[in-house]
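Chemist: Residue numbers (my numbering), protein chains in the order written: chain R, 72 to 1068; chain H, 3 to 100.
Quick reminder that beta carbons are idealized off the backbone N, C-alpha and C, glycines included.
Please read all numbers here as calculations on a predicted model, not as lab measurements.
Below is a structure I'd like to ask you about.
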């Protein structure tokens, strides 16, 4: 039995020892321990070093609000976690824990030199210091100072665990399974509501687990708990323990994180580590309880200084004495009960220092019974001890004057500055709070959500009050859902009622510069820092917070916020509500990224769309690129070709022979109905009325602002049917836009829109031999140049499959696009490959396609356009139907700024040295020697090496570019200036004869 | 996550089934060519930016795919009413536009 374990006490299992290590040393604990309680049972208080000053620190709490006892835990490769709270981590066999932010060891930490230098690291240190010299940023500040101030290291291996996700609905969600939460769940469930009861602890009970002496309805608290747990199960209540409600979102939608395996000795095969519940509740009962508030005095951060309630929990729940000689300092009655429990367990409690002048008579006499001296009307002005507290100095305060101090020897100091209702989740709902001056805390005011608050979470104190309040909240929730419900009262014996007052910093007679009174333990923010921030002009708590970093640590100010607020208010001579309260935001406690990601990892991170021909491309060595959510074959390298070589070869094959390309990802929309032509006229810039069935046309789609949104070839299949194609990435956007106009502006039009993108597989054949390959496979159509000229479309049979055959060209060569039902896509591809074998048919990818179209000056919307480009800017004014009176975006084309001179126009660029390829996105200037910042007159939109031209080519937008053909411009790059000449955008076959073969 | 009532499906469903589509009751002029530059600018770009009940368009994009209108309070982020596209904005008692 370890030295500080009290046999027969607590809820730990003395028959089941658990071995673990801390900083390489072996310890034993008991089943039911937390890492903190197990270490404390060996007298180990020192568990970490603070963030900035590297001061030695021990646990101050026994719960999830712990700011100090953060350790690294691990259980094998990938399963390491930094900043695990030792007060939450349940003990398991073989647990490996390491302290953080210390070197070389926890008890001798070289970084503690920062503590001696603390006058240098005052509030706003970052803002004041990291100003100069500039190159110190990279060389000193970031690498050295950032590392010296820190928490644990993030793991670098991939997380091998599974993280689950579940959606659920419930009538009533009760958050917090303390006495009021249990009473609420029972009242609602007994009335017939479906109830979910969630608690972050390992079992239900909350504060009752630390108060076994209380009697409820004639039963000892723990017997009552056991009976109620059974009853909750019998009533079908969903009990979620080890489950933290991390966020409260709109309309009673809550995120809850359930921890499933961290407490287990072995991880069951395939078991998820954590599960995110996304839960929608008709009513919510918040019974989160209250958090004990520390007192702010010099040396209040030494290991062994701990909240009184935490010491009571370690004693009663874990059977661990946190010391052998405990002094208590308090401003609230609750600490007396902790002192009595410790004294009754045989721990020496020489004194209770109470900041209040008046002590409740029954508490005073109970203290006398135990020979505990009560120092009323006292303050604390100092503590001593290096790695653990050794003494505390108590001074009387009379008439605001701090008198002579008296040193009291101790090995632990139990502190209570009152209790703060946990209003985090309540505040997530954008609820309002009200300031209770008497209690010195905020209380819940109003929320729009269908919620109830109960117990200590709304400022009540004592078990009888919390139990009946919880029952009433549960009954009210059930009643609101139409159940007849009633709250039954409970008899509580040996209740622990109490009141208290709150403080900012405790009064002291010592020089302010010598006082190290910590407000935010983890971020090392002292009362002096907060006062400095106020004296330097910070007036709002939001500014004080950011300037001092108080409340910005991993505990998010659960212990420090109200003390910081009170100190700032005192310094400003005003009240806390006038200084304000920082906003509580989810998550309530630190939450792993993986839990948010859930199943959306690796291959399931995002949908990957694949064409019917994807399998062939994969088998033939395609290199992929993501386009929208598709993966597309970028090129098909042969042998040891790099991308440039493969693309050159693919381009040459198309220009000289025939290439084959999977164009299935093109967006396709079927526009059908008696008013189809009218609809197309209104949507697109082009004139569609006179386009005969069997013909197709390049269509341009604008936004109402006149800027190009999308383009694509549109085939008229019949009087009342258009086969519209869109860009790959724009398909959904275009359909949404069409639906919007059809449904909301022109509901009178008789038109149906159908997305057919995935209905058709599309194979493009391009090159002078395209017809030679295709013709033998076509039935029911003469595809000779005369019978089926450029921009024709027809239905026919290709390779035995029903097809829509387009004759068009995005490469400048003779070209066809063959649409067949998707299920025939691969068979068609293979038939064409076989038919083309004698012609040297060459599969090409998106990169070659880009080069080929750029040689022809064809735009890619989204690459050559950026949402501020008009048809005229692109030289595509010819697409606008001259006699049209209206189409989407037409009115904007006459807006003053769209007709003004000086707009950037789409042109070609040829570098002076054809071996130099420009960078896409590079800025263009007239004079490379002008002073900075230079005036930029355009930018490069597309740039490639052209196999056909034997040099690089580029497309760009340049101010008044079309008037400046042949002029020289400059592209300044980090490696030096590049000179280029403005050229027409069509580099290859400018007359377009090759496509018309 | 908001719960939104689709007036066509007549079901109240999670926000993730819907897509926001801007302010409602901004009708496209019947003949844009007759608008002045200022009128057209206002149609394109000027919106009410209401604090309080705000009429706006939503689309049940992962359901019936239809556009409808909603009155949402931009302060409380509550949807106060939904109604089909083309219907007038409903009067909501006690919910005056500030």
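1) Under a CB-based cut-off of 8 Å, is residue 321(R) close to chain H?
2) Which stretch, first to last residue, makes up the beta strand (DSSP E) that contains residue 6(H)?
3) Specify, as a first and last residue, the run of the alpha helix (DSSP H) that residue 752(R) falls within.
4) Give, in chain order, every unbroken run of the beta strand (DSSP E) that is at least 3 residues long and sits entirely within the region 283-333 of chain R.
5) Could you check the C-alpha separation between residue 41(H) and residue 32(H) for me, to the nearest Å?
6) Please list the partners that residue 101(H) has in chain R, where partner means a Cβ-to-Cβ separation under 9 Å.
7) Could you list which residues in chain R have their beta carbon closer than 7 Å to that of residue 80(H), in chain order?
8) Closest Cβ-Cβ distance between residue 816(R) and chain H: below 8 Å?
9) Where are the beta strand (DSSP E) runs, 3 residues long or more, that stay fully inside the region 950-985 of chain R, in chain order?
10) Which runs of the beta strand (DSSP E) fall wholly inside the region 669-700 of chain R and span at least 3 residues, in chain order?
11) Could you pull the start and end residues of the alpha helix (DSSP H) that residue 550(R) belongs to?
12) For the region 54-68 of chain H, enumerate the residues whose C-beta is nearer than 9 Å to any C-beta of chain C, in chain order.
13) Quick one: is residue 680(R) near chain H, going by C-beta distance under 8 Å?
14) Which bits of chain H does residue 324(R) rub up against, with CB to CB less than 7 Å?
15) Whole angstroms are fine: how far does the CA of residue 311(R) sit from the CA of residue 552(R)?
16) Indicate whether at least one CB of chain H lies closer than 8 Å to the CB of residue 966(R).
17) Can we say the region 910-920 of chain R touches the region 830-850 of chain R, given the rule of at least three CB pairs closer than 8 Å?
18) Using 10 angstroms around the beta-carbon of residue 347(R), count the other beta-carbons present and answer buried if the total reaches 16, otherwise exposed.
19) Report the neighbours of residue 811(R) on chain H: residues whose CB is nearer than 9 Å to its CB, in chain order.
20) Which same chain residues, not among the five before or five after residue 193(R), have their C-beta less than 7 Å away from its C-beta?
21) Are the CB atoms of residue 507(R) and residue 575(R) within a distance shorter than 8 Å?
22) Tell me which same chain residues have a C-beta within less than 6 Å of the C-beta of residue 98(H), skipping the five on either side of it?
23) Going along chain R, which residues have a C-beta under 9 Å from residue 102(H)?
24) Return yes when the Cβ of residue 811(R) is within less than 8 Å of the Cβ of residue 744(R), no when it is not.
25) As a quick exercise: from 760(R), 804(R), 775(R), pick the residue whose alpha carbon is nearest that of residue 787(R).
26) What is the C-beta distance between residue 680(R) and residue 884(R), in whole angstroms, given that I count them as a contact (C-beta under 8 Å)?
27) Between residue 94(H) and chain R, is the shortest Cβ-Cβ distance under 8 Å, so that the two count as touching?
28) Does the distance from the CB of residue 74(R) to the CB of residue 114(R) come in under 8 Å?
29) If we ignore side chains and look at the alpha-carbon of each, how far apart do residue 661(R) and residue 139(R) end up?
30) What whole-angstrom Cβ distance do residue 75(H) and residue 54(H) have, given they're in contact under 8 Å?
31) Can you check whether the C-beta of residue 7(H) is within less than 8 Å of a C-beta belonging to chain R?
32) Can you tell which of 566(R), 522(R), 851(R), 738(R) has its C-alpha closest to the C-alpha of residue 537(R)?
33) Look up residue 739(R) in the DSSP assignment and say whether it is helix, strand or coil.
34) So, for residue 638(R): in the same chain, excluding its five sequence neighbours on each side, which residues have a beta-carbon less than 8 Å away from its beta-carbon?
35) Under the DSSP definition of a beta bridge, which residues are partnered with residue 768(R)?
36) Buried or exposed, going by whether 16 or more other CB atoms sit within 10 Å of the CB of residue 187(R)?
Modeler: Per the coordinate set shown:
1) Translated into positions along the first chain, residue 321(R) becomes position 250. Taking Cβ atoms only, chain H reaches closer than 8 Å to residue 321(R), which makes this a yes.
2) Counted from its first residue, the second chain places residue 6(H) at position 4. From DSSP, the beta strand (DSSP E) with residue 6(H) extends over 5-8.
3) Mapped onto the first chain, residue 752(R) falls at position 681. 747-754 is the extent of the alpha helix (DSSP H) around residue 752(R).
4) 309-311, 314-320, 324-330
5) Along the second chain, one-based indexing puts residue 41(H) at 39. Along the second chain, one-based indexing puts residue 32(H) at 30. Rounded to whole angstroms, residue 41(H) to residue 32(H) spans 13 Å at the Cα level.
6) Nothing can be reported for residue 101(H), as the shown portion of chain H is limited to 3 through 100.
7) Start at 1 with the first residue of the second chain, and residue 80(H) comes out as number 78. Correct list: 519.
8) As a first step, residue 816(R) is located in the first chain; it is residue number 745 there, counting from the start. By this cut-off, residue 816(R) is an interface position.
9) 975-982
10) 694-698
11) As a first step, residue 550(R) is located in the first chain; it is residue number 479 there, counting from the start. Note, residue 550(R): alpha helix (DSSP H), 534-551.
12) The question asks about chain C, but that chain is absent: this structure's protein chains are R and H.
13) Stepping through the first chain from its first residue, residue 680(R) is reached at position 609. Taking Cβ atoms only, chain H never reaches closer than 8 Å to residue 680(R), which makes this a no.
14) To locate residue 324(R), count along the first chain from 1; it is residue 253. The contacting residues are 3.
15) Along the first chain, one-based indexing puts residue 552(R) at 481. Along the first chain, one-based indexing puts residue 311(R) at 240. Residue 552(R) and residue 311(R): Cα-Cα distance of roughly 22 Å.
16) Taking the first chain and counting its residues from 1, the one referred to as residue 966(R) is at position 895. Taking Cβ atoms only, chain H reaches closer than 8 Å to residue 966(R), which makes this a yes.
17) yes
18) Translated into the one-based positions of the first chain, residue 347(R) becomes position 276. Under this definition residue 347(R) is a buried residue.
19) Counting from 1 along the first chain, the entry for residue 811(R) is found at position 740. The answer, in chain order, is 23, 59, 61, 69.
20) By 1-based counting over the first chain, the position of residue 193(R) is 122. Taken in chain order, the residues that qualify are 600, 603.
21) Working through the first chain from its first residue, we reach residue 575(R) at position 504. Working through the first chain from its first residue, we reach residue 507(R) at position 436. Contact flag unset, no.
22) The count along the second chain starts at 1 and reaches residue 98(H) at position 96. Low per-residue confidence applies at residue 98(H): pLDDT is 47, beneath 50, and the placement is therefore not dependable, though the value from the model is reported in the following sentence. Around residue 98(H): no qualifying Cβ.
23) What the structure shows of chain H is the stretch from 3 to 100, and residue 102(H) is not part of that stretch, so it cannot be assessed.
24) Here the question's residue 744(R) lines up with position 673 in the first chain. Here the question's residue 811(R) lines up with position 740 in the first chain. No.
25) By 1-based counting over the first chain, the position of residue 787(R) is 716. It is 760(R) whose Cα lies nearest to the Cα of residue 787(R).
26) Counted from its first residue, the first chain places residue 680(R) at position 609. Counted from its first residue, the first chain places residue 884(R) at position 813. Between residue 884(R) and residue 680(R) the Cβ distance is about 28 Å, and since that is not below 8 Å, they are no contact.
27) By 1-based counting over the second chain, the position of residue 94(H) is 92. No, residue 94(H) lies away from the interface with chain R (no Cβ there is under 8 Å from its Cβ).
28) Numbered from its first residue, the first chain carries residue 74(R) at position 3. Numbered from its first residue, the first chain carries residue 114(R) at position 43. Yes, they are a contact pair.
29) Residue mapping note: residue 661(R) aligns to position 590 of the first chain, counting from 1. Residue mapping note: residue 139(R) aligns to position 68 of the first chain, counting from 1. C-alpha separation (whole angstroms): 14 Å.
30) Position 73 of the second chain, counted from the first residue, corresponds to residue 75(H). Position 52 of the second chain, counted from the first residue, corresponds to residue 54(H). Yes, they are in contact, since the Cβ atoms of residue 75(H) and residue 54(H) sit about 6 Å apart, within 8 Å.
31) Counting from 1 along the second chain, the entry for residue 7(H) is found at position 5. Cβ-Cβ to chain R under 8 Å: no for residue 7(H).
32) Sequence index remark: in the first chain, residue 537(R) carries index 466 (1-based). With distances taken between Cα atoms, residue 537(R) lies closest to 566(R).
33) As a position in the first chain, residue 739(R) is number 668, starting the count at 1. Three-state result, residue 739(R): strand.
34) Position 567 of the first chain, counted from the first residue, corresponds to residue 638(R). The answer, listed in chain order, is 367, 575, 576, 590, 598, 601, 602.
35) As a first step, residue 768(R) must be located in the first chain, where it is residue number 697. DSSP, once it has assigned bridges, lists 785(R) as partnering residue 768(R).
36) Against the first chain, residue 187(R) aligns to sequence position 116. Residue 187(R) comes out exposed.
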